[in-house]
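**Student:** Following this message is one structure expressed as structure tokens.
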Amino acid sequence: MVFQANLQNPIQVYLKRHEIPAAIRAVYNNFVSCLYPDVNVFTEEYHQWRHASGPFYKISDEARFVNRLRDMLALEDGDTLWLAAGTPRRWLESKDGIRVSELVTYFGPVSYTMRASGDGRIEADVQVPTRNAARTVHLVVRTPSGRIRGVTINGRAWTRIDAAHEAIELPQDQGPLQIQIRY
Numbered sequence: 002m003v004f005q006a007n008l009q010n011p012i013q014v015y016l017k018r019h020e021i022p023a024a025i026r027a028v029y030n031n032f033v034s035c036l037y038p039d040v041n042v043f044t045e046e047y048h049q050w051r052h053a054s055g056p057f058y059k060i061s062d063e064a065r066f067v068n069r070l071r072d073m074l075a076l077e078d079g080d081t082l083w084l085a086a087g088t089p090r091r092w093l094e095s096k097d098g099i100r101v102s103e104l105v106t107y108f109g110p111v112s113y114t115m116r117a118s119g120d121g122r123i124e125a126d127v128q129v130p131t132r133n134a135a136r137t138v139h140l141v142v143r144t145p146s147g148r149i150r151g152v153t154i155n156g157r158a159w160t161r162i163d164a165a166h167e168a169i170e171l172p173q174d175q176g177p178l179q180i181q182i183r184y
């Protein structure tokens with residue numbers, strides 16, 4: 002944890018280095034240290050100074066936390082888009098799963114859902130952005146087991162799986178994608 006959590010951005014660095022547990026820990030540390038629940042806002046830094054200089058609550062600091070959460074759901078890394086790169090495993094253990102709707106990215110708006118089906122499978126629906134084509138789009142599926150055993154996209158077997166990063170390279174020329182992941 003850093004003293005000025007909303008002024009630092011280790012979360013994005015962790016995500017780009019695929020150090021997901023560190024990114025998740027940093028987000029939660031940031032949240033805990035900078036949220037003041039009595040007024041429901043984030044601050045620039047954690048402190049209990051009696052005579053702090055400058056305003057204590059700032060909109061820019063609140064926005065930084067939201068940006069970190071957004072990076073966990075959709076991260077642009079050069080000409081590559083990583084979807085769900087920073088999501089905690091337990092989010093996919095829930096039948097509610099993850100739902101992202103019209104999230105704005107450099108490549109265009111992206112929408113996706115991922116949810117557990119209860120039998121060692123995760124089902125996902127993805128609308129890949131098309132405004133500025135990314136060179137590569139990856140869907141990161143942090144399964145409860147940590148291992149992807151098989152993937153089908155739109156009913157066809159798919160083999161472009163990066164096991165080390167728990168990521169599936171998505172086709173960009175097939176419209177909406179219905180994906181089943183076995184783990």
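First residue of the sequence shown: 2, per this note's numbering; consecutive thereafter. Don't be surprised by glycine CBs; every beta carbon is placed ideally from N, CA and C.
Just the C-alpha distance for residue 137 and residue 94, rounded to the nearest angstrom, thanks.
**Tutor:** Working through the sequence shown from its first residue, we reach residue 137 at position 136. Working through the sequence shown from its first residue, we reach residue 94 at position 93. The straight-line gap separating the alpha-carbon atoms of residue 137 and residue 94 is approximately 27 Å.
**Student:** Please classify residue 106 as buried or exposed, where buried requires at least 16 neighbouring CB atoms within 10 angstroms.
**Tutor:** Residue mapping note: residue 106 aligns to position 105 of the sequence shown, counting from 1. Buried, because 16 or more other Cβ atoms sit within 10 Å of the Cβ of residue 106.
**Student:** Under a Cβ-count criterion, where at least 16 other Cβ atoms within 10 Å of its own Cβ denotes burial, should residue 175 be classed as buried or exposed?
**Tutor:** Reading the sequence shown from its first residue, position 174 is the one you call residue 175. With fewer than 16 other Cβ atoms within 10 Å, it is exposed.
**Student:** Which residues in the same chain as residue 168 place their Cβ atom closer than 7 Å to its Cβ, once the five residues preceding and following it in sequence are excluded?
**Tutor:** For the purposes of this step, residue 168 is identified with residue 167 of the sequence shown, where counting begins at 1. These residues qualify, in order along the chain: 139, 140 and 141.
**Student:** Using the three-state DSSP reduction, which class does residue 126 fall into: helix, strand or coil?
**Tutor:** For the purposes of this step, residue 126 is taken as the residue at position 125 of the sequence shown. Strand.
**Student:** Taking the alpha-carbon of residue 66 as reference, which of 88, 131, 43 and 74 has the nearest alpha-carbon?
**Tutor:** Position 65 of the sequence shown, counting from 1, holds the residue named residue 66. Nearest option by C-alpha distance: 43.
**Student:** How would you call residue 29, buried or exposed, if buried means at least 16 neighbouring beta carbons within 10 angstroms?
**Tutor:** Within the sequence shown, numbered from 1, the residue matching residue 29 stands at position 28. Exposed: under 16 other Cβ atoms inside 10 Å.
**Student:** With a 10 Å radius around its C-beta and 16 neighbouring C-beta atoms as the bar for buried, classify residue 37 as buried or exposed.
**Tutor:** Numbered from 1 along the sequence shown, position 36 holds the residue referred to as residue 37. Exposed.
**Student:** Do residue 112 and residue 101 have their C-beta atoms closer together than 8 Å?
**Tutor:** Position 111 of the sequence shown, counting from 1, holds the residue named residue 112. Position 100 of the sequence shown, counting from 1, holds the residue named residue 101. A Cβ-Cβ contact shorter than 8 Å links residue 112 with residue 101.
**Student:** Sorted by chain position, which residues of the same chain lie with C-beta nearer than 6 Å to residue 125's C-beta, five sequence neighbours on each side aside?
**Tutor:** The sequence position of residue 125 within the sequence shown is 124, counting from 1. Here the set comprises 115 and 180.
**Student:** Straight-line CA distance for residue 31 to residue 83?
**Tutor:** By 1-based counting over the sequence shown, the position of residue 31 is 30. By 1-based counting over the sequence shown, the position of residue 83 is 82. Cα-Cα distance, rounded: 22 Å.
**Student:** Please name the residue in 92, 172, 86 and 129 whose C-alpha comes closest to that of residue 157.
**Tutor:** The residue you call residue 157 lines up with position 156 of the sequence shown. Closest by alpha carbon: 172.
**Student:** Would a C-beta distance cut-off of 8 Å place residue 144 and residue 184 closer than the cut-off?
**Tutor:** Your numbering for residue 144 matches position 143 in the sequence shown. Your numbering for residue 184 matches position 183 in the sequence shown. Yes; because the gap between Cβ atoms is below 8 Å, this pair is in contact.
**Student:** In whole angstroms, what is the alpha-carbon distance linking residue 27 and residue 11?
**Tutor:** On the sequence shown, position 26 is the one that residue 27 refers to. On the sequence shown, position 10 is the one that residue 11 refers to. Straight-line Cα distance between these residues: approximately 7 Å.
**Student:** According to DSSP, is residue 111 part of a helix, a strand, or is it coil?
**Tutor:** Position 110 of the sequence shown holds residue 111. Residue 111 falls in the strand class under three-state DSSP.
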